[in-house]
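A short write-up of the structure that comes next.
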Amino acid sequence: MKATELTLINEAITNSTAFSQLFKQYRPLVLTVLRPYHLRDFSHEDWLQEARIAMLKAITRYDGSSGSQFGPYYRMVLQSHLRSVLRKHFAHKRRIDATAIPVEDSALESLQERLALRSYEDGLLMRIEFAQFLARLSPLEYEAAVISQTDSSEDPLLQRHRRALERSRIKILKFSREE
8 MKATELTLIN EAITNSTAFS QLFKQYRPLV LTVLRPYHLR DFSHEDWLQE ARIAMLKAIT
68 RYDGSSGSQF GPYYRMVLQS HLRSVLRKHF AHKRRIDATA IPVEDSALES LQERLALRSY
128 EDGLLMRIEF AQFLARLSPL EYEAAVISQT DSSEDPLLQR HRRALERSRI KILKFSREE
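Using our numbering, the final residue of the sequence shown is 186, and nothing's skipped along the way.
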């Protein structure tokens, strides 16, 4: 391996212009390796970016002191990186396929009915929980909570029950944390 190329590789770790120069030098190799790969959501620039990532991995791990060549090492790292990208993509695709449910018209209608029943049940449960909460309030706190719903902040009754209102707010927060 030439000393100039080894210097360029070592410089490319921290210098972006040296990295660009090195990537430009190995671009024909990159294009050759990338040729058989194709994913629907990946553009040519995405593949080149993945090649840059692989080059960064290669230059940080490369040790040229033993006389080995950088080109074959980079090719190996690039191919390994691209296989990892493909594995990740297809694993994500399989996960979507594994959780997909074929839906017929009758199944869709029954699903809509079940969702409507569930939302109705949720509304009933909310009313029951709210009734339980109101039962926990003292008469003064209940009155203050009801009065606080009005916009008349100058109402003397609201002024008198300000502390009760604070206690009811604290109980609301505590109740919501418990449930």
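Beta carbons: idealized from backbone N, C-alpha and C, even for Gly.
Counting only residues of its own chain and dropping the five nearest sequence neighbours on each side, S50 has no CB closer than 6 Å to any other CB.
The three-state secondary structure of Y80, taken from DSSP, is helix.
Around the CB of I177, fewer than 16 other CB atoms lie within 10 Å, so the residue is classed as exposed. Between Y81 and M62 a beta carbon distance of about 6 Å is seen, short of the 8 Å cut, so the two are scored as contacting. Judged by beta-carbon spacing, L41 lies within the 9 Å limit of L55, meaning their Cβ atoms are closer than that value. Here S73 is exposed, its C-beta having fewer than 16 other C-beta atoms within 10 Å. Bounds of the alpha helix (DSSP H) holding L13 are 10-19. Secondary structure at D53: helix, using DSSP grouped into helix, strand and coil. By the Cβ-count criterion, E57 is buried, with 16 or more other Cβ atoms from all chains shown falling within 10 Å of its own Cβ. Between L13 and Y44, the CB-CB gap reaches or exceeds 9 Å. Membership of L41 in the alpha helix (DSSP H) is indicated by the continuous run 34-41. Collapsing the DSSP output to three states places L144 in coil. Around F140, the same chain offers K178, I179, F182 as residues with beta carbons nearer than 8 Å, after the five sequence neighbours per side are excluded. When DSSP states are grouped into helix, strand and coil, L89 belongs to the helix group. Taking all protein chains shown into account, H88 has 16 or more neighbouring C-beta atoms within 10 Å of its C-beta and is therefore buried. Scanning its chain for C-beta atoms nearer than 6 Å, with the 5 sequence neighbours on each side dropped, one finds around H96 the residues L46, in chain order. CA-CA distance, S91 to S175, rounds to 56 Å.
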